[in-house]
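**Student:** With full-length UniProt numbering applied, the sequence shown closes on residue 389, and no number is skipped along the way.
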Amino acid sequence: MYRKLIGLLAGSVAYAATSLAAGACEIKIGATGPLSGAATQWGLAIKGAADFVAAEVNAKGGLKVGDETCTLSVVPIDAKYTAEGAAAAANNFVSQGVKFVLGPMGAPEVTGMKPIATRNKILMMSDSYARDAIGPRWPLTFHMGPGPAAWGDPIVKLAKEQFGVKKALTIATNDQAGTDVAEVVADIYEKNGIPTTKEYYQRGTTNFAPIVTRIIAANPDVVDTVSSPPGDAGILVKQLRQAGYKGIIGRLGGPGTAEILRVAGGADVVGDFYWFEPVFIDENVRKLQDSYRELLKSEPPENNFFYLFVAGGRALAQAIEKAGTYEDTQKVAEALRSINVVDPNLGEGRWIGQATYGINQELSLPFGIGTIRNGVEQPVVRVEAPVER
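1. What are the uninterrupted segments assigned as beta strand (DSSP E) that are 3 or more residues long and contained completely in the segment 17-78, given in chain order?
2. Could you name the residues that DSSP lists as bridge partners for Lys114?
3. Pull up the distance between the alpha-carbon of Ala55 and that of Asp180, whole angstroms please.
4. With a 10 Å radius around its C-beta and 16 neighbouring C-beta atoms as the bar for buried, classify Val310 as buried or exposed.
5. Within a Cβ cutoff of 6 Å, which residues of the same chain sit near Gly43, ignoring the five residues on either side of it in sequence?
6. Would you mind working out which of Glu302, Lys246, Met124 and Pro278 sits nearest Asn374, comparing C-alpha positions?
7. What is the C-beta distance between Val370 and Thr257, in whole angstroms, given that I count them as a contact (C-beta under 8 Å)?
8. Tell me whether the beta-carbon of Leu72 lies closer than 9 Å to the beta-carbon of Ala317.
9. Should the segment 349-367 be called in touch with the segment 149-166, which here means at least 3 C-beta pairs below 8 Å?
10. Measure the alpha-carbon distance for Gln41 versus Asn303 and round it to whole angstroms.
11. What are the residues that DSSP puts in a beta bridge with Thr371?
12. Please name the residue, chosen from Ala89, Lys121 and Gly97, that lies closest to Val332 on a Cα-to-Cα basis.
13. Rounded to the nearest angstrom, how far is the Cβ of Ile116 from that of Tyr326, given a contact under 8 Å?
14. Counting only runs that start and end within the segment 204-276, where is the beta strand (DSSP E) found for 3 or more residues in a row?
15. Looking only at DSSP bridge pairs, what is residue 433 linked to?
16. Taking the beta carbon of Thr213 as the centre, do at least 16 other beta carbons fall within 10 Å, making it buried, or is it exposed?
17. Determine the direct distance from the alpha carbon of Met124 to that of Phe208, and round the result to whole angstroms.
18. Using three-state DSSP, classify Leu365 as helix, strand or coil.
19. Could you tell me the distance, in whole angstroms, from the CA atom of Ala107 to the CA atom of Pro278?
20. For Pro136 and Ile359, which I take to be in contact (beta-carbon distance under 8 Å), what is that distance rounded to the nearest angstrom?
21. Find out if the Cβ-Cβ distance for the pair Arg293, Pro300 is shorter than 9 Å.
22. Please look up how many angstroms separate the CB atoms of Val376 and Ala267, rounded, as I've assumed it's under 8 Å.
23. Would you mind stating whether Arg382 and Gly368 have Cβ atoms separated by less than 9 Å?
24. Are there 16 or more other CB atoms within 10 angstroms of the CB of Glu348, so buried, or fewer, so exposed?
25. Go through its chain and collect everything with a Cβ distance to Ala49's Cβ below 7 Å, but skip five positions before and after it.
26. From the DSSP output, in three-state form, read off Ile352 for me.
27. Enumerate in chain order the residues of its own chain whose CB-to-CB distance from Ala59 is below 7 Å, with the five nearest sequence positions on each side excluded.
28. Suppose you measure from the CA of Pro379 to the CA of Gln289; what does that come to, to the nearest Å?
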């Protein structure tokens with residue numbers, strides 16, 4: 001009996017020591033993006049993805065990193081969709097010892113965070129359509145989903161075929177987040193034989209009347225809202241329709257259809273619309289939605305960037321385990337580049353980016369093309385993961 005008691009006590013001590021060791025190993029995952037303002041949907045998608053990946057990993061017992069078993073925790077910070085906000089977020093992450101970050105979103109945020117993250121060896125999993133979103137100068141900056149240069153062509157071809165587009169106009173913010181994307185998108189239209197005019201506006205604009213007047217005078221077949229925040233795009237579409245514009249609305253940029261429809265007044269108001277869906281929603285993706293509800297007891301974010309960042313977060317967790325370290329982000333980056341991404345919900349992905357950026361750190365996954373015809377939403381068309389051209 002005495003020996004049995006000693007054995008039980010020894011086992012309890014060993015269990016307590018193991019638990020303390022496990023509890024001491026906590027990996028902080030930063031989540032940053034626009035958590036306020038017109039682009040809030042995008043930031044909430046990133047935060048939701050980080051929350052889900054952490055909950056999923058912890059529910060399975062944590063990450064096995066070398067001889068340790070680690071839990072994940074999330075540190076969310078609003079980058080405010082500005083370079084200054086993102087730089088402040090990066091410095092905040094440094095002060096808290098965060099070495100891995102999901103986000104930020106958009107050219108201003110990524111531009112503001114990259115130098116600080118690079119200097120402090122923070123591994124970023126960002127999303128931006130800027131021309132220098134990633135590159136050899138930033139070996140720890142990864143890209144969650146390619147930009148329009150990779151997936152824009154099939155969408156424009158569909159627009160020509162289904163909507164008869166012959167003349168286009170792009171409208172975007174007059175900062176890097178808008179101009180970089182608008183130039184790429186306009187080039188895609190032009191290469192498909194569609195003359196394109198570019199318009200720009202000041203971020204934060206709520207009265208588009210002068211621009212609406214010019215658009216109606218130009219009479220394009222399609223007005224493409226490119227990467228403008230969903231709230232801005234919704235206001236613009238509403239004001240265009242109120243002014244009598246009868247043409248098509250396009251969106252070869254960041255997603256946000258639900259918010260655009262809400263602000264504009266519904267599918268009946270929008271009328272004819274085509275857009276890029278970063279993820280094709282099928283039964284497997286719906287299972288991910290169910291898993292989110294089960295683990296976090298709430299509804300998943302509406303914006304489809306959520307799914308891309310889940311895939312990226314899962315790949316990051318896998319890379320940390322493979323590298324056997326949560327301190328050396330360079331080793332984790334090496335492991336991440338070597339992983340064949342096969343997400344259980346989103347399907348097979350691949351690392352691309354060499355042709356566009358000079359480095360294969362851009363996660364390419366199957367995507368969708370959404371359309372609304374005469375106010376009625378149509379089934380989304382699936383397109384396989386883009387590859388280098």
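Each residue gets a CB set at the ideal place from its N, CA and C atoms; glycine is no exception.
**Tutor:** With the structure as the only source:
1. 26-33, 63-65 and 68-78
2. The residue given as residue 114 occupies position 114 in the sequence shown. Partner(s): none; Lys114 has no beta bridge.
3. Residue mapping note: residue 55 aligns to position 55 of the sequence shown, counting from 1. Residue mapping note: residue 180 aligns to position 180 of the sequence shown, counting from 1. Taking the straight line from one Cα to the other gives about 36 Å.
4. Looking up residue 310 in the sequence shown gives position 310. So Val310 counts as buried.
5. Here residue 43 corresponds to residue number 43 of the sequence shown, with the count starting at 1. Excluding positions up to five away in sequence, the list reads Gly33, Pro34 and Leu35.
6. Position 374 of the sequence shown holds residue 374. Ranking the options by Cα distance to Asn374, first place goes to Lys246.
7. Counting from 1 along the sequence shown, the entry for residue 370 is found at position 370. Counting from 1 along the sequence shown, the entry for residue 257 is found at position 257. Sequence check: residue 370 is Gly here, not Val. Yes, they are in contact, since the Cβ atoms of Gly370 and Thr257 sit about 6 Å apart, within 8 Å.
8. One-based indexing of the sequence shown puts residue 72 at position 72. One-based indexing of the sequence shown puts residue 317 at position 317. Contact: yes.
9. yes
10. Along the sequence shown, read from residue 1 onward, the residue named residue 41 stands at position 41. Along the sequence shown, read from residue 1 onward, the residue named residue 303 stands at position 303. Straight-line Cα distance between these residues: approximately 6 Å.
11. One-based indexing of the sequence shown puts residue 371 at position 371. According to DSSP, Thr371 bridges with Tyr274.
12. Within the sequence shown, the letter at position 332 stands for residue 332. Considering only alpha carbons, the answer is Lys121.
13. As a working note, residue 116 is residue 116 in the sequence shown. As a working note, residue 326 is residue 326 in the sequence shown. With 8 Å as the limit, Ile116 and Tyr326 do not qualify as a contact, their Cβ atoms being about 20 Å apart.
14. 222-224 and 248-251
15. Shown here, the chain extends from 1 to 389; a query on residue 433 therefore has no answer.
16. Working through the sequence shown from its first residue, we reach residue 213 at position 213. Flag for Thr213 reads exposed.
17. As a working mapping, residue 208 is identified with position 208 in the sequence shown. As a working mapping, residue 124 is identified with position 124 in the sequence shown. Spanning the two alpha carbons is a distance of roughly 35 Å.
18. For the purposes of this step, residue 365 is taken as the residue at position 365 of the sequence shown. If DSSP states are grouped into helix, strand and coil, Leu365 belongs with coil.
19. As a first step, residue 107 must be located in the sequence shown, where it is residue number 107. As a first step, residue 278 must be located in the sequence shown, where it is residue number 278. One C-alpha to the other measures close to 17 Å.
20. On the sequence shown, position 136 is the one that residue 136 refers to. On the sequence shown, position 359 is the one that residue 359 refers to. 5 Å between Cβ atoms; contact.
21. As a working mapping, residue 293 is identified with position 293 in the sequence shown. As a working mapping, residue 300 is identified with position 300 in the sequence shown. It is a contact, given that the beta carbons lie within the stated cut-off.
22. Stepping through the sequence shown from its first residue, residue 376 is reached at position 376. Stepping through the sequence shown from its first residue, residue 267 is reached at position 267. Going by Cβ atoms, the distance from Val376 to Ala267 rounds to 7 Å, so yes, they are a contact pair.
23. Looking up residue 382 in the sequence shown gives position 382. Looking up residue 368 in the sequence shown gives position 368. Going by C-beta atoms, Arg382 is nearer than 9 Å to Gly368.
24. What you label residue 348 is simply residue 348 of the sequence shown in a count that begins at 1. Result: exposed.
25. Along the sequence shown, one-based indexing puts residue 49 at 49. Taken in chain order, the residues that qualify are Leu102, Phe306, Phe309, Val310 and Gly313.
26. Counting from 1 along the sequence shown, the entry for residue 352 is found at position 352. If DSSP states are grouped into helix, strand and coil, Ile352 belongs with the strands.
27. Taking the sequence shown and counting its residues from 1, the one referred to as residue 59 is at position 59. Around Ala59: Leu295.
28. As a first step, residue 379 is located in the sequence shown; it is residue number 379 there, counting from the start. As a first step, residue 289 is located in the sequence shown; it is residue number 289 there, counting from the start. Using only the alpha carbons, I get a separation of about 19 Å.
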